[in-house]
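Peer 1: Chains as they are written, first to last, in our numbering: chain A, 2 to 222; chain B, 192 to 335. My structure is below; once you've seen it, I'll send some questions.
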Amino acid sequence: MISLRIALLTSVLGVLIGCNPPATNPSDYTKLRAESPRSILVVPVINRTVDVTAPDYFLATISRPVAERGYYVFPVNLVKRVLEDDGLGDANLVHQANPKRLGELFGVDTILYITIEKWDAKYAVLSTSVQVEFTYSLKSGKTGEELWKSKEAMTYVPQNSNSGNPIANLISAAVNAAMTKAAPNYIPLAQQANGHAVLRVHKGLPAGPYNSEFGKDQDSF
Amino acid sequence: MNYTIALLLAASIASVGCNRPTQTYEWGKYESSLYTLMKDPTSLDKYGIALQKQIKNGEESNKVPPGIYAEYGYFLTVTNQPGEAIKYYEKEKQRWPESARLMDKMIMNCKSPKPTQAPPTPAPAAIVAPAPAVVIAPAQVKES
Numbered sequence: 002m003i004s005l006r007i008a009l010l011t012s013v014l015g016v017l018i019g020c021n022p023p024a025t026n027p028s029d030y031t032k033l034r035a036e037s038p039r040s041i042l043v044v045p046v047i048n049r050t051v052d053v054t055a056p057d058y059f060l061a062t063i064s065r066p067v068a069e070r071g072y073y074v075f076p077v078n079l080v081k082r083v084l085e086d087d088g089l090g091d092a093n094l095v096h097q098a099n100p101k102r103l104g105e106l107f108g109v110d111t112i113l114y115i116t117i118e119k120w121d122a123k124y125a126v127l128s129t130s131v132q133v134e135f136t137y138s139l140k141s142g143k144t145g146e147e148l149w150k151s152k153e154a155m156t157y158v159p160q161n162s163n164s165g166n167p168i169a170n171l172i173s174a175a176v177n178a179a180m181t182k183a184a185p186n187y188i189p190l191a192q193q194a195n196g197h198a199v200l201r202v203h204k205g206l207p208a209g210p211y212n213s214e215f216g217k218d219q220d221s222f
Numbered sequence: 192m193n194y195t196i197a198l199l200l201a202a203s204i205a206s207v208g209c210n211r212p213t214q215t216y217e218w219g220k221y222e223s224s225l226y227t228l229m230k231d232p233t234s235l236d237k238y239g240i241a242l243q244k245q246i247k248n249g250e251e252s253n254k255v256p257p258g259i260y261a262e263y264g265y266f267l268t269v270t271n272q273p274g275e276a277i278k279y280y281e282k283e284k285q286r287w288p289e290s291a292r293l294m295d296k297m298i299m300n301c302k303s304p305k306p307t308q309a310p311p312t313p314a315p316a317a318i319v320a321p322a323p324a325v326v327i328a329p330a331q332v333k334e335s
């Protein structure tokens, strides 16, 4: 009987962890669906915070969720270096450059711009918290128009407090574990954040051409 | 018996609950090794090894993710193996036609490294690699 309960509990937990909370304001996908891009170029991330390593966490963890959504994601490290060679190594410069120019240069359908607006870690003995806020903007490499955008703002409070949001709790656990080490590792946090941004129903990215859901997910996106 | 039914039920609830897809591609240590490389350029070798493993495992199950052949090609480029690099750029192009224009450029670049662009300035940190001791630099052969 006990194992039965555990089994049930585990499955309920699985549901909670697996799902993303629905968005309150569904995104407008008209332009994105009209262009139906196949490929996404992720350019270096703009950092408006004092944490100098934050952009690296995001760049290293963005390819997986976007590729798993079914898009061709350009090799982020190669792209970063090629941009540097072309004098576009500065994230601010790249973000200001005309998307059409990048579209032509790389032969890419869309460009994904990420900005980290906030990344505040408050270290304390009993209650450590991280406040993060970031924006995502996908622009057409053909017209330069914005096709999709998303904004995420969350506070992660580790320790045993329950925020009521299963995903936030999960991240809290990861962050909590990471912070106990001398050198904090935010990869799990960045993974969750990027995954959340592209997967969330009515807010994330609709399935791309390499995903079996392609063209069948209008109810969700 | 009841127990089995309950488990089955629980499992089905879990799978119906949401459509979180399983992973399509083999990611290996891509994320952590790339992050380490960004923080510490001297970890380039580890990054290269991680990519190599990822490709090997990915090819066994036809799950090499987009961009990975190209990332490995770039690793080969900066470690002065242009011939090998071209092979991987070609693989990327073949597997993912979306990459064609960029891959053609990378291949061109391998065939004629550093073309006419800019006078021979030492180009600080233009390339991630802790530059190998011997660099083939045709520009230096230029006669005055």
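No residue lacks a Cβ here, since even glycine has one placed at the ideal position from N, Cα and C.
Can you confirm whether A:V44, when its beta carbon is compared against all beta carbons of chain B, has any partner nearer than 7 Å?
Peer 2: Taking the first sequence and counting its residues from 1, the one referred to as residue 44 of chain A is at position 43. With 7 Å as the cut-off, A:V44 does not count as an interface residue toward chain B.
Peer 1: Below 7 Å on C-beta distance, what does A:R201 contact in chain B?
Peer 2: Counted from its first residue, the first sequence places residue 201 of chain A at position 200. Under the 7 Å cutoff, chain B gives no residues; its nearest Cβ is about 11 Å from A:R201.
Peer 1: Could you tell me whether the Cβ of B:A261 comes closer than 7 Å to any Cβ of chain A?
Peer 2: One-based indexing of the second sequence puts residue 261 of chain B at position 70. Interface residue, yes.
Peer 1: Just to confirm, is the Cβ distance from A:P210 to A:R34 under 7 Å?
Peer 2: Walking along the first sequence from the start, residue 210 of chain A turns up at place 209. Walking along the first sequence from the start, residue 34 of chain A turns up at place 33. Their beta carbons are not under 7 Å apart, which means A:P210 does not touch A:R34 by this criterion.
Peer 1: Within the 7 Å Cβ cut-off, does B:Y279 reach chain A?
Peer 2: As a position in the second sequence, residue 279 of chain B is number 88, starting the count at 1. Chain A, which has no Cβ nearer than 7 Å to the Cβ of B:Y279, makes this no.
Peer 1: Which residues in chain B have a C-beta closer than 9 Å to the C-beta of A:E36? List them in chain order.
Peer 2: Start at 1 with the first residue of the first sequence, and residue 36 of chain A comes out as number 35. The premise fails here: A:E36 is roughly 14 Å from chain B at the closest Cβ pair, so nothing lies under 9 Å.
Peer 1: With a cut-off of 8 Å on the beta carbons, I'd call A:V43 and A:L60 a contact; round off their distance for me.
Peer 2: The residue you call residue 43 of chain A lines up with position 42 of the first sequence. The residue you call residue 60 of chain A lines up with position 59 of the first sequence. Between A:L60 and A:V43 the Cβ distance is about 7 Å, and since that is below 8 Å, they are a contact.
Peer 1: Where do the N-terminal and C-terminal ends of the beta strand (DSSP E) with A:V109 fall, by residue?
Peer 2: The residue labelled residue 109 of chain A in the question sits at position 108 within the first sequence. Where A:V109 is concerned, there is no enclosing beta strand (DSSP E), given that its DSSP letter is neither H nor E.
Peer 1: Any Cβ of chain B within less than 7 Å of the Cβ of A:F107?
Peer 2: Walking along the first sequence from the start, residue 107 of chain A turns up at place 106. For A:F107, the answer is yes, since a Cβ of chain B falls inside 7 Å of its Cβ.
Peer 1: Return yes when at least one heavy atom of the ligand MG lies under 6 Å from the C-beta of B:L242, else no.
Peer 2: Within the structure as shown, the ligand MG is missing, as the structure has no ligands at all.
Peer 1: Identify whether A:V44 lies in helix, strand or coil by the three-state DSSP scheme.
Peer 2: For this step, residue 44 of chain A is matched to residue 43 along the first sequence. Coil at A:V44, not helix or strand.
Peer 1: In chain B, which residues lie with their C-beta within 7 Å of the C-beta of A:R39?
Peer 2: Counting from 1 along the first sequence, the entry for residue 39 of chain A is found at position 38. Chain B residues near A:R39: E289.
Peer 1: Buried or exposed, going by whether 16 or more other CB atoms sit within 10 Å of the CB of A:K217?
Peer 2: The residue labelled residue 217 of chain A in the question sits at position 216 within the first sequence. Counting Cβ neighbours within 10 Å, A:K217 comes out exposed, since fewer than 16 surround it.
Peer 1: Grab the span of the beta strand (DSSP E) containing B:K254 for me, first residue to last.
Peer 2: In the second sequence, residue 254 of chain B corresponds to position 63, counting from 1. From DSSP, B:K254 is part of no beta strand (DSSP E); its letter is neither H nor E.
Peer 1: Grouping DSSP H, G and I as helix and E and B as strand, with all else coil, what is B:Q243?
Peer 2: The residue you call residue 243 of chain B lines up with position 52 of the second sequence. DSSP places B:Q243 in helix when its eight states are reduced to three.
Peer 1: Comparing C-alpha positions only, which one of B:S224, B:A291, B:Y279 and B:G219 sits nearest to A:D57?
Peer 2: In the first sequence, counting from the first residue as 1, residue 57 of chain A sits at position 56. For the residues B:S224, B:A291, B:Y279 and B:G219, the minimum Cα distance to A:D57 belongs to B:S224.
Peer 1: Counting along the chain, where does the beta strand (DSSP E) carrying B:Y279 start and finish?
Peer 2: What you label residue 279 of chain B is simply residue 88 of the second sequence in a count that begins at 1. Not the beta strand (DSSP E): B:Y279 falls in the alpha helix (DSSP H), residues P273 to R286.
Peer 1: Checking 7 Å against the spacing of the C-beta atoms, do A:K1 and A:L139 come in under that value?
Peer 2: An answer regarding residue 1 of chain A cannot be provided, because it is not within the stretch 2 to 222 covered by chain A.
Peer 1: Would A:R82 and A:L206 qualify as a contact pair, given that the criterion is a beta-carbon distance under 7 Å?
Peer 2: By 1-based counting over the first sequence, the position of residue 82 of chain A is 81. By 1-based counting over the first sequence, the position of residue 206 of chain A is 205. Contact: no.
Peer 1: Give a yes or no on contact between the region 257–265 of chain B and the region 103–115 of chain A, applying the rule of three or more CB pairs nearer than 8 Å.
Peer 2: In short, these stretches do not touch, since the Cβ pair count stays below three.
Peer 1: Can you have a look at A:N93 and say buried or exposed, based on whether 16 or more other CB atoms are within 10 angstroms of its CB?
Peer 2: Reading the first sequence from its first residue, position 92 is the one you call residue 93 of chain A. A:N93 should be labelled exposed.
Peer 1: In this structure, does DSSP put A:K143 in helix, strand or coil?
Peer 2: Along the first sequence, one-based indexing puts residue 143 of chain A at 142. Three-state DSSP puts A:K143 in coil, outside helix and strand.
Peer 1: In or out: B:P273 buried (at least 16 other Cβ within 10 Å) or exposed?
Peer 2: Position 82 of the second sequence holds residue 273 of chain B. Burial call: buried.
Peer 1: Measuring only the C-alpha atoms, how far is A:W120 from A:E146?
Peer 2: Counting from 1 along the first sequence, the entry for residue 120 of chain A is found at position 119. Counting from 1 along the first sequence, the entry for residue 146 of chain A is found at position 145. So the alpha carbons of these two residues sit roughly 28 Å apart.
Peer 1: Taking a contact to mean a Cβ-Cβ separation below 7 Å, would you say A:E153 touches A:A198 in this structure?
Peer 2: Counted from its first residue, the first sequence places residue 153 of chain A at position 152. Counted from its first residue, the first sequence places residue 198 of chain A at position 197. A contact, by the Cβ cut-off of 7 Å.
Peer 1: Between B:Y216 and B:G249, how many whole angstroms is the CB-CB distance? I'm expecting something under 8 Å.
Peer 2: Counted from its first residue, the second sequence places residue 216 of chain B at position 25. Counted from its first residue, the second sequence places residue 249 of chain B at position 58. B:Y216 to B:G249, Cβ: 7 Å. Contact.
Peer 1: Between which two residues does the alpha helix (DSSP H) carrying A:P189 extend?
Peer 2: Position 188 of the first sequence, counted from the start, is the residue given in the question as residue 189 of chain A. Counting along the chain, the alpha helix (DSSP H) containing A:P189 begins and ends at I188 to L200.
Peer 1: Any Cβ of chain A within less than 7 Å of the Cβ of B:P311?
Peer 2: Numbered from 1 along the second sequence, position 120 holds the residue referred to as residue 311 of chain B. Unreliable positioning characterises B:P311 in this predicted model, as indicated by a pLDDT of 47, which lies under 50. The coordinate reading is nonetheless provided below. Not closer than 7 Å to any Cβ of chain A, the Cβ of B:P311 fails to qualify, so no.
Peer 1: Find out if the Cβ-Cβ distance for the pair B:Q245, B:G219 is shorter than 7 Å.
Peer 2: Against the second sequence, residue 245 of chain B aligns to sequence position 54. Against the second sequence, residue 219 of chain B aligns to sequence position 28. Their beta carbons are under 7 Å apart, which means B:Q245 touches B:G219 by this criterion.
Peer 1: Given this structure, state the Cα-to-Cα distance separating A:L103 from A:I47, to the nearest angstrom.
Peer 2: Here residue 103 of chain A refers to the residue found at position 102 of the first sequence. Here residue 47 of chain A refers to the residue found at position 46 of the first sequence. If you take the alpha carbons of A:L103 and A:I47, they lie about 17 Å apart.
Peer 1: Put A:A154 into one of helix, strand or coil per three-state DSSP.
Peer 2: In the first sequence, residue 154 of chain A corresponds to position 153, counting from 1. Note: A:A154 maps to strand in three-state DSSP.
Peer 1: Give me the Cα-Cα distance between A:L84 and A:Q132, rounded to the nearest whole angstrom.
Peer 2: Translated into positions along the first sequence, residue 84 of chain A becomes position 83. Translated into positions along the first sequence, residue 132 of chain A becomes position 131. Their Cα atoms are separated by approximately 30 Å.
Peer 1: Name the chain B residues that come within less than 7 Å of A:T62, Cβ to Cβ?
Peer 2: Counted from its first residue, the first sequence places residue 62 of chain A at position 61. Within chain B, the residues near A:T62 are E222.
Peer 1: For A:G88, count neighbouring C-beta atoms within 10 Å of its own C-beta (all shown protein chains included) and say buried if the count is 16 or more, exposed if not.
Peer 2: On the first sequence, position 87 is the one that residue 88 of chain A refers to. A:G88 should be labelled exposed.
Peer 1: Mind checking if A:E153 is an interface residue toward chain B, Cβ cutoff 7 Å exclusive?
Peer 2: For the purposes of this step, residue 153 of chain A is taken as the residue at position 152 of the first sequence. It does not; no Cβ of chain B falls within 7 Å.
Peer 1: Would you list the one or two residues that DSSP bridges to A:K123?
Peer 2: Walking along the first sequence from the start, residue 123 of chain A turns up at place 122. In DSSP, A:K123 forms a bridge with A:S130.
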